[in-house]
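A.B. asks: Residue 22 in numbering that gives the first Met the number 0 sits at position 23 of the sequence shown, and the numbers go up by one each step.
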Amino acid sequence: MGQEDRKHIKNGILVVAAAALGLLFYHHHKSVGVTNITPTAFGFPISEGSRGENVRLLQSALMSKFPTQTAAILSRTGGADGIWGTGTSQAVRAAGFPASIDYATFQKITA
0 MGQEDRKHIK NGILVVAAAA LGLLFYHHHK SVGVTNITPT AFGFPISEGS RGENVRLLQS
60 ALMSKFPTQT AAILSRTGGA DGIWGTGTSQ AVRAAGFPAS IDYATFQKIT A
């Protein structure tokens, strides 16, 4: 096994360990009655430069709930593509939200 193979295996182990730790944290807090922690809350806050499903959900919600302020901006810059670039920053500001979206704000926008 070469050096590159060892590096890939090590990285894979680290990813699995991090995921397992996150799930343990989630299940522990859920078991002791903390109900406002969910697996998706671990990716917050999100802001310019963020990527992924939470960004895509935010973009979709902005276009559907604030179409006058955001639809043209987001449509021009890729729509709900899951990449928070300058267009998403402009749309978030146009809808009256801060430049960084925490989990509580995300829930309000996407509910």
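The beta-carbon is built from N, C-alpha and C at its ideal position, and this holds for glycine as well.
The structure presented is a predicted model; accordingly, all values stated were derived computationally and were not measured.
(1) Is there at least one non-hydrogen atom of the ligand ADP closer than 7 Å to the beta-carbon of Pro66?
(2) Going along the chain, which residues of its own chain have a beta-carbon closer than 7 Å to the beta-carbon of Ser99, five neighbours each way excluded?
(3) At which residues does the alpha helix (DSSP H) containing Ile82 begin and terminate?
(4) Buried or exposed: where does Gly86 fall if 16 or more other Cβ atoms within 10 Å of its Cβ makes it buried?
(5) Determine which residues share a DSSP beta bridge with Arg50 and list them.
C.D. replies: Let me spell this out:
(1) Of ligands this structure carries none, so the ligand ADP is not represented either.
(2) Pro44 and Ser46
(3) Segment: none, Ile82 is in no alpha helix (DSSP H) and carries neither H nor E.
(4) Buried.
(5) Answer is Ile82.
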